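Participant:
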Amino acid sequence: MMGKEIEREIKILFSDAVIDSTEKNRLKIRIKKDLAIYLLEFLKSRGFNYLVAISCVDWIKEGEFELVYQIGKIDDPLRIMVKTRISRDRAEFKSAINVYKNAQTYEREIHELFGIRFEGNPRLIPLFLENWNDIPPFRKDFDTRKYVKETFEGIPTLEESK
Amino acid sequence: MKNTAEKKSSVTPIKTLKFLFKKPITFKFPFETREASPRYRGFHLNDWEKCTGCGNCADICPNSAITMIEIPEIVPEPGKKNERPQIDYGRCCFCALCVDICPPGSLRLSRDYIHIDHATDSFVYLPKDEKIDTEHFVKPEAYSIFQASLNHRKQYFEGFISDLNFTLFDPEREPVEILPASERVRSFIEEMKGYTEEQAKREALRCLECSLCEEVCPAHMKISDYIKAIYDENLTESVRKIYEDNPLPGVCGRVCTHKCETACSIGYRGEPVAIRWLKRYAVDNLETGKIKEIISIFKGPELKRRVSIIGSGPSGLSAAYYLSLMGYQVVIYEAKAKPGGIMRYGIPKYRLPESALDRDIDIIKSMGVEIKLNTKVGKDIEFKKIKEESDAVFIATGFPEPRSTGIKGIDSEGCYQALDLLEKIASGEKIKVGEKVVIIGGGNVAFDIGRSLARLQMEKFGKVNITLTCLEKAGEMLADQEEIEEGGEEGLVIKPGRSPKEVLFDENGRIRGLRTVKCLSIFDEEGRFNPKVDETDVEDYEGNMIVEAIGQAPDYSYLDKEILDDLEIVRGRIVTDEYGRTKIPWLFAGGDIVHGPDIIHAIADGHRAAQGIDMYLGSKSEKVN
Amino acid sequence: MSRRELELYFGPQHIGMVGNFSITLSVEGDTIVEARANPGYLHRGFEKLMEYRNWVQNFPMVCRMNVVEPDSMEMVYAMAVEKLAEIDVPERAQYIRTIVLELSRLASHLFGCWAYANMLGLDTVAQWAMAYRDFILDLFEELMGGRVYHIYICPGGVRRDLPQGFEDKVMNFLKALGNHVPEFDAAFFNNRLFYERAKGIGKISREEAIELGATGQVLRAVGLQYDIRKIEPYAAYANVNFDVPTREDGDAYSRIWVIRDEMLQSASIIMQCLEKLPQGKVYKRTPNPFKWNIPAGDAYVRVESSRGELGLYLVSDGGNKPYRVHFRTPSFMHGIPILEKLLRGANISDVGNIMISLYVVAPEIDR
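Chains as they are written, first to last, in my numbering: chain A, 39 to 200; chain B, 3 to 627; chain C, 15 to 381.
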């Protein structure tokens, strides 16, 4: 099975990666941030040339951001999730744009919404938000209610307008 | 797959011209309309008779579109709030989650969906339905789509309604194990097994936290909170919340009349949450030492004031607990050999085992309460002396005297009072049980003595022969439904709607039965007790032992004459305000002698009387050291 | 930018635009030199809003991310929650879900036909497509009471059983649509105008498609048989037979022909499901919504929506609300990198052509 082979090879090359293969057709690999891009290059060389998505999770209690790369292959149902953690205070990471070309747009989105800087990405310009001058909105310490009160305070509620 | 042949032609599009002469499938709205489907999700309808004001719809709405508004015109009933949901259609997304969670099924969606207005205020709407709102719901003939709005809706135009198979709450209760009748009638072992941890968690998960139960509980216990703590596996927190309002949870968790379960909103179309068994689970599964530790945190600094309590029933014990937590020195005077009052000497052991009662009383005593047993006021100690030694007195002596029908022959040998027999059975004394027993009375006490005698009969004779007869008709008996069912299973024969006429004797002067006549009515037009009978309809029941269980009366003989004159007593009960205060400023009363009728009311009385005593004695008490 | 270049805003207020989406074009004469996509007009912040609502309150919100095909969003959320909470869905519910998803796919493809034909100027075909889509919306109104947002597929099954006579109505609709297919072919798919306008426009090669993360019709139009319903079957797709149509050229013409073939396959799937529909319950009750905690973990599930691979990455921290919800929508890749690449060097009159053939739906990009 493709999954078993890849698992064995990763265990040999990246010895301190933590692999979880309990779920069918899914391989979850947790790896340190310095080796993440090398792992992606290795996977691409073994035929996993399809980057499906990059997600980001804000673990505020642990003070870390988690980046999850979903990698796949066109004719195989196997999906590999590469997870890596970076520090919340120094939120920067190396871009995966040299390995997968379409990582550029995902990194642009994560930069805008979480505030992580990707070195090597030439186009970290705003994607959705315009004239945004608050902290990146998808972080857990962004208070939506406070933002609404401050931005739209001129509009009275139904009770106040009576 | 073989590809469909891709052609390219400039001529074939001309074939579409044939549609020029066909009837179009569009219709000219609003002159021609099409009725919405039977499951359409439009504006809300609410049946105000069924709606309980529980507020679950407001809690589940994902857009916070529903607010509960208080309606002054609705008279609040116990167990229902006088609030009704108001919907803001600027926020509502018509997802119908509120319909799926409404426990009585009163909130529904209709097939109206048009509302056009300049004023944004008109989009905030208090839904009623055509039964109440005849002004805005018009008949189908009078309905015009050109005026359609929230104030011009069609009658009988329901759309999406609630279906019990698809609701978001679970209408089925976790069943609790009870011993089968043939087994339980052989002994006085507790008949109900408690929940296991799995069962308790599953049952605690059902509670929707709407708090209708909290309002109707006489002691206003924090029910949603302690059930949530059981689900979170935090029994410490659960027991702490319980003890804030009820110091006898081991007793109430077994024998309470559960007004909360009657008010539970899930009970409208399903089975109510098993609040009583969950309380029992929480208290049974935490060690006594841990409970004492939890509640000792609430004990305040000691005050140099002394309060005496007469009677160690539920009311007296509850007042003692709360007073001693506030720091007062409390002494209880109990006439019998063991504390507990009606809980020990009135409730049989198969419903309330002694170990549970003793544990609750032991926890109360550990807070510093002193109980003087075998001390009858008026005989072993004078009431005057008690008054001299105390700063306030709380009387909770209950109704210890049984009442009698007074029919011919009822004072002969072989006729007993249920209360006396229950006390003897509870003390472990042997009683002479007849082979055939007739019980007069249809309340809980009658069933208690009936089922206790059934067990004794089973032990002595191997079979049960008990007839129970009462004035009330079959559907109106005063006992709890569970007692009637379980008693019937154990072999009690129930004869409702009969009035006892006289005791029948055989040639040797021994009792052979009871003669009854048909009872036509119990109360007269003014509501006074005045039963009417039909003397021609006679039935005799065989029995060599007659037991009366028709009610109890108070005994105020221990009070001095001046005090009795000053107190206001109406129909045998002392008149007090909600804090147990009587006309005499240092004398407080609670329990059966004030209004009864069950243990949880007595406990609530005791708590409030403790607060009343605290207010009377003031916080000017000096602290000890 | 040379002095002969102009910057034009193919903005959200444009007749050729579908949805609220804008593109900034640098044109030199009639040819586009560079294109930059500007999404963000429909950013409602769903992923953050869903973190404040519990598991049951979230499922009415998910469908609003995609106006054209909301059922695939509901399906992917339900599948993710069922995977994390380990809920077994009854079999009849799986078949009903398949029928609903395929009807939704038909509706979405008809919507796409409307958009494309309208853009080309073939209004007759556009109105036919919208009319048949309206019949499907009538069917959904029978089923659940809402025409566009159904809020029907929930964790645990579906919210109500099929009403009386629903199966017959579906069959009648499919027969009517089937009878009309030759008219569609005559007026649109075999029309020479369509051929001249679409052939060779927006051509993408196989390597570029894979590199830029394309899914759905874009991959099937370059010859790859990539369909998640075959690779990782969900719902009742493992029990029905259907083909995955492909074409070789990779241009707008191939993509629209793939859509037409897919519609015929969808009709076949629905008919098979109606025959095989088993009896039984359709809903397994989930626990009390105010107290339901799902054990900590994460899951990535995916379905084949009408546009391509729709994925959801759901993270739970053991509480009664989701910790992080991330939707991987197909229009994100189609609408930004692929669109920008294909527009480079294209004619300005082909902007709408390329965008609609790529099947970009604006609310899916912004969420």
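Built from N, CA and C at the ideal position, the CB exists for glycine as well. Source: prediction; values computed, not measured.
Regarding His138 of chain B and the ligand FAD, is the C-beta to nearest heavy atom distance less than 7 Å?
Facilitator: Ligands displayed in this structure: none; no statement on the ligand FAD is therefore possible.
Participant: Count Cβ pairs between the stretch 29-45 of chain C and the stretch 305-312 of chain C that sit closer than 8 Å; are there 3 or more?
Facilitator: At 8 Å Cβ cutoff, the stretches do not touch.
Participant: I want to see whether chain C comes within less than 8 Å of Met3 of chain B, judged by CB atoms only; does it?
Facilitator: Bear in mind that a pLDDT of 41 at Met3 of chain B, under 50, signals an unreliable position, so the model cannot answer this.
Participant: Using three-state DSSP, classify Met194 of chain B as helix, strand or coil.
Facilitator: Residue state, collapsed to three classes: strand.
Participant: Does DSSP put Glu211 of chain B in a helix, a strand or coil?
Facilitator: Reduced to three states, the DSSP call for Glu211 of chain B is coil.
Participant: Let me make sure I understand the geometry here. Which of C:Pro196, C:Asn253, C:Val47 and C:Pro377 has the alpha-carbon closest to that of Phe341 of chain C?
Facilitator: Answer by Cα proximity: C:Pro377.
Participant: Relative to the C-alpha of Ser240 of chain B, which candidate in B:Tyr228, B:Thr518 and B:Asn248 has its C-alpha closest?
Facilitator: The candidate whose alpha carbon is nearest that of Ser240 of chain B is B:Tyr228.
Participant: Among B:Val577, B:Cys59 and B:Asp600, whose alpha-carbon lies nearest the alpha-carbon of Ser267 of chain B?
Facilitator: The candidate whose alpha carbon is nearest that of Ser267 of chain B is B:Cys59.
Participant: List the residues of chain A that Lys335 of chain C touches, going by C-beta distances under 8 Å, in chain order.
Facilitator: Here the premise fails: no neighbours, minimum Cβ distance about 12 Å.
Participant: Run down chain C in chain order and give the residues with a C-beta less than 7 Å from the C-beta of Tyr558 of chain B.
Facilitator: By Cβ distance, chain C contributes nothing, its closest Cβ being about 50 Å from Tyr558 of chain B, past 7 Å.
Participant: So what does DSSP say about Lys4 of chain B, is it helix, strand or coil?
Facilitator: Unreliable positioning characterises Lys4 of chain B in this predicted model, as indicated by a pLDDT of 47, which lies under 50. The coordinate reading is nonetheless provided below. It is coil, neither helix nor strand.
Participant: What does Arg269 of chain C reach in chain A if we use C-beta pairs closer than 8 Å?
Facilitator: Neighbours of Arg269 of chain C on chain A: none; closest Cβ ~18 Å, over 8 Å.
Participant: On a Cα-Cα basis, can you pick out the residue from B:Arg256, B:Pro274 and B:Val253 that is closest to Cys262 of chain B?
Facilitator: Out of B:Arg256, B:Pro274 and B:Val253, B:Pro274 has the C-alpha closest to the C-alpha of Cys262 of chain B.
Participant: Of the residues C:Tyr146, C:Ala121 and C:Arg106, which one's Cα is nearest the Cα of Pro26 of chain B?
Facilitator: The shortest Cα separation from Pro26 of chain B among C:Tyr146, C:Ala121 and C:Arg106 belongs to C:Tyr146.
Participant: Against chain B, which members of the stretch 295-321 of chain C pass a CB distance test of less than 7 Å?
Facilitator: Of all residues in the stretch 295-321 of chain C, Tyr297, Arg299, Pro301, Asn302, Pro303, Phe304 and Lys305 have a Cβ within less than 7 Å of some Cβ in chain B.
Participant: Give every residue of the same chain whose Cβ lies closer than 6 Å to the Cβ of Val626 of chain B, excluding the five residues on either side of it in the sequence, and list them in chain order.
Facilitator: At Val626 of chain B the pLDDT is 48, less than 50, meaning the model places this residue with poor confidence and gives no usable figure here.
Participant: What are the start and end residues of each continuous beta strand (DSSP E) run of 3 or more residues lying completely inside the stretch 316-358 of chain C, in chain order?
Facilitator: Counting whole runs of 3 or more residues, the stretch 316-358 of chain C contains the beta strand (DSSP E) stretches 323-330 and 338-342.
Participant: Can you tell me where the beta strand (DSSP E) with Tyr251 of chain C in it begins and where it stops?
Facilitator: Element bounds for Tyr251 of chain C: n/a, residue is neither H nor E.
Participant: Return the residue from the list B:Ile548, B:Ile586 and B:Gly574 that minimises the CA-CA distance to Glu564 of chain B.
Facilitator: Here the closest residue by C-alpha is B:Ile586.
Participant: Please classify Pro84 of chain C: is it buried, with 16 or more other beta-carbons within 10 angstroms of its beta-carbon, or exposed?
Facilitator: Flag for Pro84 of chain C reads buried.
Participant: Using Cβ-Cβ distances below 9 Å, what residues of the stretch 345-364 of chain C are close to chain A?
Facilitator: Here the close residues are Phe346, Met347, Ile350, Pro351 and Ile352.
Participant: With DSSP as the reference, identify every bridge partner of Asn385 of chain C, one or two as the case may be.
Facilitator: Since the displayed chain C opens at 15 and closes at 381, residue 385 of chain C lies outside it and no answer follows.
Participant: Got a sec, what are the start and stop residues for the beta strand (DSSP E) Val365 of chain C sits in?
Facilitator: Not the beta strand (DSSP E): Val365 of chain C falls in the alpha helix (DSSP H), residues Val365 to Ser371.
Participant: Check each candidate in B:Tyr145, B:Phe45, B:Glu544 and B:Glu34 and name the one with the smallest Cα separation from Ala98 of chain B.
Facilitator: It is B:Phe45 whose Cα lies nearest to the Cα of Ala98 of chain B.
Participant: Mapping DSSP to helix, strand and coil, what is Lys97 of chain C?
Facilitator: Correct three-state label for Lys97 of chain C: helix.
Participant: Take the Cβ of His154 of chain B as the centre, count every other Cβ of all protein chains shown within 10 Å, and call the residue buried at 16 or more, exposed below.
Facilitator: Classification for His154 of chain B: buried.
Participant: Rank C:Ile245, C:Asn68 and C:Ile113 by C-alpha distance to the C-alpha of Val172 of chain C and give the top, closest one.
Facilitator: Of C:Ile245, C:Asn68 and C:Ile113, the residue nearest in Cα terms is C:Ile113.
Participant: Taking a contact to mean a Cβ-Cβ separation below 8 Å, would you say Gly196 of chain B touches Gly593 of chain B in this structure?
Facilitator: Result no, Cβ atoms of Gly196 of chain B and Gly593 of chain B do not sit closer than 8 Å.
Participant: Kindly indicate the opening and closing residues of the beta strand (DSSP E) around Tyr88 of chain A.
Facilitator: First-last of the beta strand (DSSP E) with Tyr88 of chain A: Tyr88 to Trp97.
Participant: Please state the DSSP three-state secondary structure of His149 of chain A.
Facilitator: In the structure shown, His149 of chain A sits in a helix (DSSP, three-state: H, G or I).
Participant: Using a Cβ cut-off of 8 Å (strictly closer), state whether Val186 of chain A contacts chain C.
Facilitator: With 8 Å as the cut-off, Val186 of chain A does not count as an interface residue toward chain C.
Participant: Answer yes or no: do Val439 of chain B and Val549 of chain B have a C-beta to C-beta separation smaller than 8 Å?
Facilitator: Contact flag set, yes.
Participant: Could you tell me the distance, in whole angstroms, from the CA atom of Phe300 of chain C to the CA atom of Glu88 of chain C?
Facilitator: Correcting the residue identity first, residue 300 of chain C is Thr in this sequence and not Phe. Straight-line Cα distance between these residues: approximately 16 Å.
Participant: Anything in the stretch 9-34 of chain B with a Cβ closer than 7 Å to a Cβ of chain C? List those residues in chain order, please.
Facilitator: Answer in chain order: Lys9, Lys10, Ser11, Ser12, Thr14, Pro15, Lys17, Thr18 and Ile27.
Participant: Using a beta-carbon distance cut-off of less than 8 Å, what residues from the stretch 61-74 of chain C approach chain B?
Facilitator: Against chain B - using a Cβ distance shorter than 8 Å - the residues of the stretch 61-74 of chain C are Arg67, Val70, Gln71, Asn72 and Pro74.
Participant: If you reduce the DSSP assignment to three classes, tell me which class Glu372 of chain B lands in.
Facilitator: Correct three-state label for Glu372 of chain B: strand.
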